[in-house]
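For the sequence shown, position 200 (counting from the first letter as 1) is numbered 199 according to numbering that gives the first Met the number 0, and the numbering increases by one without interruption. Ideal placement from N, C-alpha and C gives every residue a C-beta, glycine not left out. Taking it in order: structure first as structure tokens, then the write-up.
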Amino acid sequence: MKMHDLVIRGGTVVDGSGQAPYRADVAIDAGLISAVGNEVGKGREEIDATGKFVTPGFVDVHTHYDGQATWDSEMAPSSWHGVTTVVMGNCGVGFAPAAPDKHDWLIGLMEGVEDIPGTALTEGLTWDWETFPEYMDALARRPRTIDIATHVPHAAVRAYVMGERQARNEDPTEADIVRMAEIVEEGLRAGALGFSTSRTAVHKSIKGEPVPGTSATKEELIAIGRAMGRAGHGVFELASDMRRDWDELGWMGEVSREFGLPVTFSAVKTPGQEVDLEEQLEEMAKQNAMGARIFAQIALRGIGVIMAWQGTVHPFRFRPAWKEIEGLPWDQQLARLKDPAFRARMISEPNVFPESDVVMLLHMIAGGWFMHYEMDPDFNYEPGEADSIMARAAAAGVTPESLAYDLLMQDEGTGFIYFPIINYQDGNLDFLKELQLRDDTVTGLSDGGAHCGTICDAAAGTFALQHWVRDRAAGRIPLELAIKRQCRDTALLYGMEDRGLLASGYLADINVIDLDALKLGKPWMAFDLPAGGKRLLQKADGYCYTIKAGQVTFKDGAMQGPLPGVVIRGPQVASTALAAE
0 MKMHDLVIRG
10 GTVVDGSGQA
20 PYRADVAIDA
30 GLISAVGNEV
40 GKGREEIDAT
50 GKFVTPGFVD
60 VHTHYDGQAT
70 WDSEMAPSSW
80 HGVTTVVMGN
90 CGVGFAPAAP
100 DKHDWLIGLM
110 EGVEDIPGTA
120 LTEGLTWDWE
130 TFPEYMDALA
140 RRPRTIDIAT
150 HVPHAAVRAY
160 VMGERQARNE
170 DPTEADIVRM
180 AEIVEEGLRA
190 GALGFSTSRT
200 AVHKSIKGEP
210 VPGTSATKEE
220 LIAIGRAMGR
230 AGHGVFELAS
240 DMRRDWDELG
250 WMGEVSREFG
260 LPVTFSAVKT
270 PGQEVDLEEQ
280 LEEMAKQNAM
290 GARIFAQIAL
300 RGIGVIMAWQ
310 GTVHPFRFRP
320 AWKEIEGLPW
330 DQQLARLKDP
340 AFRARMISEP
350 NVFPESDVVM
360 LLHMIAGGWF
370 MHYEMDPDFN
380 YEPGEADSIM
390 ARAAAAGVTP
400 ESLAYDLLMQ
410 DEGTGFIYFP
420 IINYQDGNLD
430 FLKELQLRDD
440 TVTGLSDGGA
450 HCGTICDAAA
460 GTFALQHWVR
470 DRAAGRIPLE
480 LAIKRQCRDT
490 ALLYGMEDRG
500 LLASGYLADI
510 NVIDLDALKL
520 GKPWMAFDLP
530 AGGKRLLQKA
540 DGYCYTIKAG
550 QVTFKDGAMQ
560 GPLPGVVIRG
570 PQVASTALAA
580 E
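What follows is the structure in structure tokens.
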């Protein structure tokens with residue numbers, strides 16, 4: 000019998016198809032799965048997976064590693080959480096195409112929209128590209144632990160074509176639209192897996208400018224869809240405010256049907272949307288019944304802010320006392336924060352809010368105590384009313400401000416407070432169970448690599464297994480569904496048919512997981528980006544092995560050295576024809 004490169008022996012296989020787990024060995028040769036069964040033969044190397052689950056590597060389709068991927072090979076934190084493939088360039092922002100005089104502008108746009116330190120981007124980006132194909136080539140020059148794929152971002156395309164006319168909010172000419180469509184088609188033919196745009200007022204540059212394309216006309220978007228149709232592949236991805244007069248689902252359906260494209264949009268439950276989530280899903284279903292392929296991209300937990308003294312925001316961010324120390328080095332800030340007189344003054348003084356079109360959000364950051372929760376090492380991302388700072392302060396007979404201050408001061412001023420802004424207006428995640436059972440939704444919105452000072456959701460896959468499969472008090476989902484949702488379903492949406500399934504001929508992208516030991520760690524603030532830029536990071540116990548293209552990249556959470564990751568160019572197929580899905 001053939002000697003295999005690697006055999007994972009004795010594990011319980013959750014193969015990504017949605018079928019129930021089963022006991023089997025997995026054999027790997029030349030980076031591909033060569034056999035799954037009980038008699039696969041021996042391996043030159045073997046992994047004992049007894050008592051563990053063997054799953055495909057996770058495919059995360061909503062990340063923002065566009066800058067980090069040019070300088071970093073580890074691709075943390077996503078790679079720490081079983082992710083073996085990411086799709087970046089979401090929400091219309093990215094770094095190609097890039098005219099030489101637009102580098103700083105593109106950095107400011109990414110910093111404002113995705114909270115990635117501009118200093119880190121300035122230091123880390125080499126800019127050895129101008130066109131989108133050149134950017135793809137630059138990405139390919141760096142080996143890494145995971146595969147990366149990308150969209151062509153609308154904002155960069157618009158800025159490249161329109162220059163200062165875009166900054167003045169001028170409408171594009173017919174010639175501009177033709178040129179934008181040509182660039183998108185060129186990017187797809189160079190290997191991009193889709194096109195992305197942002198249509199939300201929340202997304203702004205560091206100077207407060209709307210993302211280019213926010214109010215793009217239907218004609219412009221359809222012209223780009225037509226270019227994608229000519230290229231023959233690609234996902235049309237967007238984030239939107241869902242304004243009623245824009246008829247977003249209507250034109251999405253038209254684009255999808257006319258040009259044969261899948262369309263995916265960020266679907267969240269949040270107050271203030273003109274078209275609420277329920278209506279969005281109803282309209283999506285109507286469009287799909289008429290032949291469209293639209294997929295609502297959902298997050299599996301509250302999307303919110305992790306607040307800390309050294310983070311981007313915290314509840315005392317708008318107090319005069321904080322303004323006095325805001326620009327000081329951390330050691331000097333900490334000394335002042337420890338001073339009882341300073342503490343008393345900051346707790347008692349009123350907030351002074353800047354002018355802002357999200358002033359209600361600022362008020363909630365500074366005083367939404369009924370939706371603020373302590374993040375301790377055993378934090379539950381579905382906290383109850385009694386867990387809120389308001390309830391805890393009342394029970395302790397102190398003010399919420401006093402309790403919040405003390406929580407932030409824990410562990411030498413490195414405490415965290417969680418404020419779920421989106422998906423948590425009901426005080427629970429119940430509505431998300433039904434969404435995970437639908438065929439027209441896809442798991443996403445981790446934002447891996449972005450929101451460095453406020454959010455750490457790159458661990459979304461870990462959370463799905465820990466919370467939705469194992470720990471949730473009621474309304475859990477089966478393990479086989481959770482794996483299918485973040486492996487096979489996400490891969491198929493983007494035409495990566497060679498992964499997300501444990502079967503012969505598919506990529507040997509594999510996790511060996513101890514589900515009983517799986518546990519998200521407490522986030523921490525690291526200052527390890529270029530130029531000392533900060534980012535929130537989070538690890539997890541329970542990932543025994545992560546294997547990329549047949550090579551062990553992580554063992555018990557530690558990077559092992561191999562860098563088999565590549566840049567994905569265009570749709571992918573498995574190496575052999577297999578049974579139907």
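Beta-carbon proximity check, residue i vs residue j, cutoff 8 Å
{"i": "Val566", "j": "Ile297", "result": "no"}
{"i": "Ile46", "j": "Val511", "result": "yes"}
{"i": "Arg484", "j": "Gly499", "result": "no"}
{"i": "Tyr513", "j": "Leu506", "result": "At residue 513 the sequence reads Asp, which differs from the Tyr that was named. It is not a contact, given that the beta carbons lie outside the stated cut-off."}
{"i": "Leu220", "j": "Val254", "result": "yes"}
{"i": "Ile182", "j": "Val304", "result": "no"}
{"i": "Thr54", "j": "Ile482", "result": "yes"}
{"i": "Gly81", "j": "Ala548", "result": "no"}
{"i": "Pro522", "j": "Met374", "result": "yes"}
{"i": "Thr442", "j": "Phe294", "result": "no"}
{"i": "Phe462", "j": "Leu336", "result": "no"}
{"i": "Thr199", "j": "Asp170", "result": "no"}
{"i": "Thr263", "j": "Glu236", "result": "yes"}
Residue i versus residue j: straight-line alpha-carbon distance, rounded
{"i": "Ala403", "j": "Ala174", "result": "55 Å"}
{"i": "Gly91", "j": "His153", "result": "5 Å"}
{"i": "Arg318", "j": "Asp246", "result": "41 Å"}
{"i": "Phe369", "j": "Lys432", "result": "24 Å"}
{"i": "Thr216", "j": "Asp244", "result": "12 Å"}
{"i": "Ala180", "j": "His150", "result": "14 Å"}
{"i": "Gly88", "j": "Ala573", "result": "25 Å"}
{"i": "Gly224", "j": "Cys451", "result": "32 Å"}
{"i": "Asp127", "j": "Met495", "result": "28 Å"}
{"i": "Thr398", "j": "Phe52", "result": "46 Å"}
{"i": "Glu73", "j": "Pro570", "result": "24 Å"}
{"i": "Phe418", "j": "Glu354", "result": "22 Å"}
{"i": "Trp329", "j": "Ala226", "result": "50 Å"}
{"i": "Ala458", "j": "Leu519", "result": "8 Å"}
{"i": "Gly207", "j": "Glu325", "result": "21 Å"}
{"i": "Ala230", "j": "Gln559", "result": "38 Å"}
{"i": "Asp65", "j": "Thr172", "result": "29 Å"}
Three-state secondary structure assigned by DSSP to residue i
{"i": "Lys285", "result": "helix"}
{"i": "Cys90", "result": "helix"}
{"i": "Tyr134", "result": "helix"}
{"i": "Gly586", "result": "Here the chain comprises residues numbered 0 to 580, so residue 586 is not present and cannot be evaluated."}
{"i": "Leu536", "result": "strand"}
{"i": "Val112", "result": "helix"}
{"i": "Asp246", "result": "coil"}
{"i": "Lys51", "result": "coil"}
{"i": "Phe553", "result": "strand"}
{"i": "Ser33", "result": "strand"}
{"i": "Pro76", "result": "coil"}
{"i": "Met359", "result": "helix"}
Cβ neighbours of residue i in the same chain (closer than 6 Å, five flanking residues each side left out)
{"i": "Thr130", "result": "Pro96"}
{"i": "Pro583", "result": "Nothing about residue 583 can be read from this structure; the chain reaches only from 0 to 580."}
{"i": "Trp308", "result": "Leu407 and Gly412"}
{"i": "Arg256", "result": "Gly290 and Ala291"}
{"i": "Arg157", "result": "Gln165, Pro211 and Gly212"}
{"i": "Ile388", "result": "Trp368, His371, Pro399, Leu402 and Ala403"}
{"i": "Gly460", "result": "Phe57, His80, Gly81 and Gln485"}
{"i": "His362", "result": "none"}
Own chain, CB closer than 7 Å to residue i, minus 5 neighbours either side, in chain order
{"i": "Glu479", "result": "Val13, Gly17, Gln18, Ala19 and Pro20"}
{"i": "Leu108", "result": "Val92, Ala154, Ser204 and Val210"}
{"i": "Ala516", "result": "Asp540 and Gly541"}
{"i": "Ala320", "result": "Phe341, Arg344, Met345 and Glu348"}
{"i": "Pro581", "result": "Past the edges of the chain, shown from 0 to 580, lies residue 581, and the structure says nothing about it."}
Residue i, buried or exposed, once every other Cβ within 10 Å from all chains shown has been counted against 16
{"i": "Asn422", "result": "buried"}
{"i": "Ser77", "result": "buried"}
{"i": "Leu535", "result": "buried"}
{"i": "Ala191", "result": "buried"}
{"i": "Gln286", "result": "buried"}
{"i": "Ile420", "result": "buried"}
{"i": "Ala473", "result": "exposed"}
{"i": "Glu580", "result": "Because Glu580 carries a pLDDT of 34, less than 50, the predicted location of this residue cannot be relied on, and the following value inherits that uncertainty. Classification for Glu580: exposed."}
Proximal residues to residue i (C-beta, below 8 Å), its chain only, five neighbours per side dropped
{"i": "Ala189", "result": "Phe131, Pro132, Met135 and Arg568"}
{"i": "Gly40", "result": "Met0, Lys1, Met2, His3, Val6, Ala26 and Ala34"}
{"i": "Ala426", "result": "The residue asked about is misnamed: residue 426 is Gly in this sequence, not Ala. Answer for Gly426: Gly383 and Glu384, listed in chain order."}
{"i": "Gly468", "result": "Position check: residue 468 holds Val in this sequence, whereas Gly was assumed. Cβ neighbours of Val468 beyond the five flanking positions: Arg475, Ile476, Pro477, Leu478, Ala481 and Leu514."}
Residue i: CB within 7 Å of a non-hydrogen atom of the ligand NAP
{"i": "Val92", "result": "The ligand NAP is not among the ligands present in this structure, which contains no ligands whatsoever."}
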